[in-house]
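**Q** In our numbering, the protein residues as written are 359 to 774. Beta carbons: idealized from backbone N, C-alpha and C, even for Gly. These figures come from a predicted structure and were not determined experimentally.
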Ligand SMILES: Cc1cc2nc3c(=O)[nH]c(=O)nc-3n(C[C@H](O)[C@H](O)[C@H](O)COP(=O)(O)OP(=O)(O)OC[C@H]3O[C@@H](n4cnc5c(N)ncnc54)[C@H](O)[C@@H]3O)c2cc1C
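1. Name the two residues that bound the continuous alpha helix (DSSP H) containing residue 496.
2. For residue 572, tell me which candidate among 708, 770, 432 has the shortest Cα-Cα distance.
3. Beta carbon of residue 722: closer than 7 Å to some heavy atom of ligand 1?
4. Could you check if residue 427 belongs to the surroundings of ligand 1, using beta carbon to heavy atom distance under 7 Å?
5. Using DSSP with H/G/I as helix, E/B as strand and the rest coil, what is residue 705?
6. Where DSSP assigns a beta bridge to residue 362, which residues make up the other side?
7. Relative to the C-alpha of residue 705, which residue among 740, 735, 642 is closest?
8. Looking at residue 693 and residue 656, is the spacing between their C-beta atoms short of 8 Å?
9. Should the segment 504-517 be regarded as contacting the segment 616-623, the criterion being three or more beta carbon pairs within less than 8 Å?
10. Can you say whether residue 387 is buried or exposed, counting buried as having 16 or more other CB atoms within 10 angstroms of its CB?
11. What are the complete beta strand (DSSP E) segments, minimum 3 residues, inside the segment 649-678?
12. Report the CB separation of residue 343 from residue 480 in whole angstroms; it is logged as a contact under 8 Å.
13. Please report the distance separating the alpha-carbon of residue 630 from that of residue 389.
14. According to DSSP, is residue 522 helix, strand or coil?
15. Please state the DSSP three-state secondary structure of residue 501.
16. Could you tell me whether any non-hydrogen atom of ligand 1 is closer than 7 Å to the CB of residue 734?
17. How is the alpha helix (DSSP H) around residue 551 delimited, first residue to last?
18. Taking C-alpha atoms, which residue in 383, 367, 405 lies nearest to residue 737?
19. For the beta strand (DSSP E) that residue 637 lies in, which residues bound it at each end?
20. Please state whether DSSP places residue 734 in a helix, a strand or coil.
21. List, from N- to C-terminal side, the beta strand (DSSP E) runs of 3 residues or more that fit wholly inside the segment 361-427.
22. Rounded to a whole number of angstroms, what is the C-alpha to C-alpha distance between residue 775 and residue 536?
23. Leaving out the 5 sequence neighbours to the left and right, which residues in its chain are closer than 6 Å to residue 422 when beta-carbon positions are compared?
24. I'd like the list of long-range same chain contacts for residue 668, defined as Cβ closer than 8 Å, with 5 residues on each side in sequence excluded.
25. From the DSSP secondary-structure annotation, give me the bridge partner or partners of residue 616.
26. Run through DSSP, which three-state label would residue 566 get?
27. Going by DSSP, what residue range makes up the beta strand (DSSP E) through residue 578?
28. Can you give me the C-alpha to C-alpha distance between residue 701 and residue 765, rounded to a whole angstrom?
29. Starting from residue 587, follow the beta strand (DSSP E) in both directions and report where the run begins and ends.
30. According to DSSP, residue 715 sits in a beta bridge with which residue or residues?
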């Protein structure tokens, strides 16, 4: 179904009776060229780019729940490309560029809002580190602006500058950063892939692989065996479980991350703000709710719910920079399962099993990566070569020592 102003007017005056579901609900075929496991943002964007860019449409996306039930519909919707390391920054900047054209590309309103992101710094050393990061971003073609305290006061006069435990010394701003309506991203990509003939199979769980002599021949599912020339795992927080079906042990741990939404407030936040002396990030939704989060819960879990100590820690972070939010009430809290890699960076790679591919390790920053991850995974599946901005996202980097430790914290998934 095409969307246009004419169509909206016509439906508006004729009782909105002719809108149709925007993707089909097909029965799985016996075989496909490519089977993607996981109907999250990355699985659906991979299917979209395979069919729309590489002309491959004998593709199925197999999702155990409903599309959007995973992290793509659970995140705090922040997009940015403020990375520093050469293995990461070109990839995230490509993703930012794809976000900028996405609504036109898939003809769907994903409420992409480049309202800016501001990372606060609280010490001279942190300011130096931000200057270095900003320079690296600029060298990779991204935008970055270093603000002093007065510069921060101008954009966020409501922050606590007078009596703070961690005084605000300035910040690194990326004006092209912002937020995107997360589930609309899943819906837009699903619609665009379905239009080209991709089968999106919901409520179908992958329970195993058929592997003959080191070659993957297809997937066992709750709806029976589905044969495939290529199988692409894209299950985020369930990566260790699913790749375990193929006997693989990944450099990934699954942890819970919680998100929080307050009651609706009058517009106050100009964009995304992050606290630099703890872990707290916040934006304000179009409905007025403050959408915020902080650290992962720090223990391994596959449960989509978290615990109270992190609630306290996150709220302390918020109170430290803007004490006035203590008077607003929390409306909702939920959790998602994060695929935390040991160096904090992702994987888009082939595996040692022929025909089996892996995408994962997104930690809690994979929403912003959705367009570039899909494009690069589609490129790998279509050509068997890594995309030029994803050459470092290899599974063997823990064998040859080429880690991409963006935060410089070492092998501590809970610190990335
Ligand atoms: C609370 C929270 C806040 C976050 N905030 C941000 C943010 O602000 N910015 C940002 O960039 N990132 C953020 N993230 C991270 C981001 O959401 C994830 O990195 C990203 O969504 C992961 O990729 P995905 O969308 O493909 O995952 P998912 O949506 O989780 O997709 C994986 C899918 O695989 C399916 N699946 C699992 N096992 C099977 C199986 N056996 N068979 C079939 N299907 C299966 C699951 O049901 C799921 O739908 C946040 C995450 C959370 C939880």
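**A** Taking the coordinates as given:
1. On the chain shown, position 138 is the one that residue 496 refers to. Residues 482-497.
2. In the chain shown, the residue the question calls residue 572 occupies position 214. If we check each option's Cα against that of residue 572, 708 comes out closest.
3. The residue given as residue 722 occupies position 364 in the chain shown. Judged by the Cβ position, residue 722 qualifies as a neighbour of ligand 1 at the 7 Å threshold, a heavy atom of the ligand being closer than this.
4. By 1-based counting over the chain shown, the position of residue 427 is 69. Checking every heavy atom of ligand 1 against the Cβ of residue 427, one is found closer than 7 Å.
5. Walking along the chain shown from the start, residue 705 turns up at place 347. Reduced to three states, the DSSP call for residue 705 is strand.
6. Here residue 362 is taken as the residue at index 4 of the chain shown, counted from 1. Residue 362 is not bridged to any residue.
7. Taking the chain shown and counting its residues from 1, the one referred to as residue 705 is at position 347. Residue 705 has its Cα closest to that of 735, out of 740, 735, 642.
8. Position 298 of the chain shown, counted from the start, is the residue given in the question as residue 656. Position 335 of the chain shown, counted from the start, is the residue given in the question as residue 693. Residue 693 sits away from residue 656, with the two beta carbons spaced by 8 Å or more.
9. Contact between the segment 504-517 and the segment 616-623 is absent: fewer than three C-beta pairs spanning the two stretches fall below 8 Å.
10. Stepping through the chain shown from its first residue, residue 387 is reached at position 29. Residue 387 should be labelled exposed.
11. Here no run is fully enclosed.
12. Nothing about residue 343 can be read from this structure; the chain reaches only from 359 to 774.
13. Residue numbering aside, residue 630 sits at position 272 when the chain shown is read from its first letter. Residue numbering aside, residue 389 sits at position 31 when the chain shown is read from its first letter. Distance between the alpha carbons of residue 630 and residue 389 is about 45 Å.
14. In the chain shown, residue 522 corresponds to position 164, counting from 1. In this structure, residue 522 counts as coil in the three-state DSSP scheme.
15. Your numbering for residue 501 matches position 143 in the chain shown. The answer is coil: DSSP assigns residue 501 none of H, G, I, E or B.
16. By 1-based counting over the chain shown, the position of residue 734 is 376. Result no, Cβ not under 7 Å from ligand 1.
17. If you number the chain shown from 1, residue 551 lands on position 193. Residues 540-553.
18. The residue labelled residue 737 in the question sits at position 379 within the chain shown. It is 405.
19. As a position in the chain shown, residue 637 is number 279, starting the count at 1. No beta strand (DSSP E) contains residue 637, which DSSP labels as neither H nor E.
20. Residue mapping note: residue 734 aligns to position 376 of the chain shown, counting from 1. DSSP, reduced to helix, strand and coil, places residue 734 within a helical segment of the structure shown.
21. Unbroken beta strand (DSSP E) runs of no fewer than 3 residues, entirely contained in the segment 361-427, are found at 389-395, 417-420, following chain order.
22. A query on residue 775 cannot be resolved here, the shown segment of the chain reaching from 359 to 774 and no further.
23. Within the chain shown, residue 422 is the residue found at index 64, counting from 1. Taken in chain order, the residues that qualify are 563.
24. Taking the chain shown and counting its residues from 1, one reaches residue 668 at position 310. The residues are 616, 652, 653, 654, 655, 656.
25. Stepping through the chain shown from its first residue, residue 616 is reached at position 258. According to DSSP, residue 616 bridges with 693.
26. Position 208 of the chain shown, counting from 1, holds the residue named residue 566. DSSP places residue 566 in strand when its eight states are reduced to three.
27. Within the chain shown, the letter at position 220 stands for residue 578. Run containing residue 578: 573-579, per the beta strand (DSSP E) assignment.
28. As a working mapping, residue 701 is identified with position 343 in the chain shown. As a working mapping, residue 765 is identified with position 407 in the chain shown. The alpha-carbon separation between residue 701 and residue 765 amounts to approximately 9 Å.
29. The residue given as residue 587 occupies position 229 in the chain shown. Here the beta strand (DSSP E) through residue 587 covers 582-591.
30. In the chain shown, residue 715 corresponds to position 357, counting from 1. Beta-bridge pairing links residue 715 to 590, 708.
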